[in-house]
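Numbered continuously in this note's numbering, the sequence shown closes out at residue 408.
Where a beta carbon is used, it is the ideal one built from N, C-alpha and C, also for glycine.
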Amino acid sequence: MDKLTIRDVDVAGKRVFVRVDFNVPLEDGKVTDDSRIRASIPTIHYLLTHGARVILASHLGRPDGKVQDGLRLRPVAERLSGLLGRNVPVTGDALGIGTVDAVKRLRNGELLLLENLRFHAEEEKNDPAFARQLAEYAEIYVNDAFGTAHRAHASTVGVAQLLPPYAGFLMEREIAMLSRLLEDPAHPFAAIVGGAKVSGKLKVLDSLLAKVDVLVLGGGMANTFLLGQGKSVGKSLAEHDMVEEARRVLAAADKAKVKVILPVDVVVAKEVTRGTEYKTIPAEKIPASWHIVDVGRATLDLMEESLAEARTVFWNGPLGVFEIPSFAHGTRALARFLAARADAGATIVVGGGDSVAAIQQQGLAERFTHISTGGGASLEFLEGRELPGVAVLQDRPDAKPAGKAGGKSRRKVAAKAGA
Ligand code: ADP
Ligand code: MG
């Protein structure tokens, strides 16, 4: 899945529309986690130093087609200005005469940021007229917004169909790292899937079953599987209409000889709130009025034992309600264990907003092989689907048709060089 990147085009003096993913968390008008902004710096820096005129575009939150002052991109521009060491102006609107003028005034090596694209309902509808207006700003299109690549919106697909499209460095890296999991993972390969719901992750579970040797299930989604095993889960989050599906997944895993790890002990709480009563008990007997909120120590031991030999691990979804510190132990311990495995040379890839947050809370991010900036996008990618925002990018001309032969001849060259 090799795509042309910004290395493959001369950007000097060109106006370049860059779709970035600046959908970052804000609190009191300040960016609380700037990972996504930082992740876009290599692409922005490359374009500016190669003399491009850069038009950055992003969405922020869900304004649903209306201007919301709390979702303006000013705090993002401030953070980006700090990271680049230069002022990044934001337009008052993604469209309009003022913005058209500001784009025209850009000189080589200068940049601006368009205001939140989703202030226009046309963005999420991939409206052709809206896409045309955005495309008129530029001569080249770059997508560096992996986290939004699973959505066919105007800025991810529409504009890409009107201008020559290229992948940015972040997009390139995400595709390369996630493709490796699908195409060429070192075995044993384990997947850990937690989080809230089975329904949203059923397809990825199905496709992972064909690839992995070990499947670890935790978080709220494990409760539905416990139900599938005939256990009761009290008042825990569970999807009763998904129990049959859970049974089917367990049977498919059995058939594919995939080892499945489910909780054997759990932390249960009276309420899913801070300061409530809680205790650890076997997963066999959950009292009717309690909620499962985390995995217990015996489950963690079992998980760590089954992951100890893994050479590749993909993790999505926390093992418990980690937003509440008393129920974050399982998730935090797993993050520390996986960081140590990465230190020991295993390939550890994490996708999913909440799992990534749990890792960042402990300052462990640097130790992982790859932390995807896309939650939903990384899951859809691992389902084996080509994401719309990736599909519209240009394939490297020598990539697919010559795929197998090319690979072989490259190996030959390498063998010769080695001899
Ligand atoms: P990610 O963002 O990493 O893909 P999800 O969004 O699927 O993960 O799930 C994260 C959410 O799952 C968190 O808000 C967490 O509180 C919730 N969760 C995890 N375990 C449980 C549980 N046992 N009961 C209820 N919610 C849970
Ligand atoms: Mg989430």
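Asked, Found
"Bounding residues of the alpha helix (DSSP H) (the contiguous stretch that carries Tyr35)", "24 to 38"
"Per-residue DSSP class, three states only, for His359", "strand"
"Those residues which DSSP pairs with Tyr155 across a bridge", "Val131"
"Residues passing the C-beta test against ligand 2 heavy atoms, cut-off 5 Å", "Gly342, Asp343"
"Continuous alpha helix (DSSP H) stretch holding Ala346: start and end", "342 to 350"
"Run of the beta strand (DSSP E) containing Arg42, from where it starts to where it stops", "42 to 46"
"Closest Cα partner of Lys441 within the set Asp58, Gly217, Pro276", "Outside the shown range of the chain (-10 to 408) lies residue 441, about which nothing can therefore be said."
"Gly285 Cβ short of 6 Å to ligand 1 heavy atom set", "no"
"Start-to-end residues for the alpha helix (DSSP H) that takes in Arg321", "318 to 332"
"Pick from Gly334, Gly352, Ser196, Val381 that is closest to Thr358, judged by C-alpha positions", "Gly334"
"Which listed residue (Asp23, Leu73, Gly81) has its alpha carbon closest to that of Arg61", "Gly81"
"Same chain, Cβ closer than 7 Å to Arg400, five either side skipped, listed in chain order", "Residue placement at Arg400 is poorly supported in this model, since its pLDDT is 35, which falls under 50; the coordinates still yield a value, given next. So the list is empty, once near-sequence residues are dropped."
"Counted within 10 angstroms of its Cβ, other Cβ atoms place Val56 as buried (16 or more) or exposed", "exposed"
"Limits of the alpha helix (DSSP H) - the one that Asp243 falls within", "232 to 244"
"Whole-angstrom C-beta distance between Gln383 and Lys(-8), which should lie under 8 Å", "6 Å"
"Neighbourhood of Val203 by C-beta distance below 6 Å, restricted to the same chain and skipping five residues each side", "Ala179, Lys248, Ser295"
"The stretch 111 to 121 contacting the stretch 328 to 345, beta-carbon criterion three pairs below 8 Å", "no"
"Own chain partners of Lys393 with C-beta closer than 7 Å, once the 5 adjacent residues on each side are dropped", "Its pLDDT being 38, under 50, Lys393 is placed unreliably in this model, and the value from its coordinates should be taken loosely. Within the same chain, Lys393 has no close Cβ partners at all."
"Touch test, the stretch 204 to 223 against the stretch 308 to 324, Cβ-Cβ under 8 Å, three pairs minimum", "yes"
"CA-to-CA distance, Phe316 to Asp133, given in whole angstroms", "35 Å"
"Three-state secondary structure assigned by DSSP to Glu104", "coil"
"Test item: CB-CB of Ala91 and Leu106 under 7 Å", "no"
"Sub-7 Å separation of Ser188 and Glu372 beta-carbons", "no"
"Buried/exposed call for Thr88, threshold 16 Cβ in 10 Å", "buried"
"Bounding residues of the beta strand (DSSP E) (the contiguous stretch that carries Leu123)", "Here Leu123 belongs to no beta strand (DSSP E); instead the alpha helix (DSSP H) covers 117 to 124."
"Paired residues, beta bridge with Pro307 - DSSP", "According to DSSP, Pro307 bridges with nothing at all."
"Check whether Val381 and Val146 have beta carbons under 7 Å apart", "yes"
"Whether Phe6 touches Ala127 by CB criterion (7 Å)", "yes"
"Backbone CA spacing between Ile30 and Ala199 [nearest angstrom]", "36 Å"
"Nearest candidate by alpha-carbon position, reference Ala28, set Ala245, Glu111, Phe135", "Phe135"
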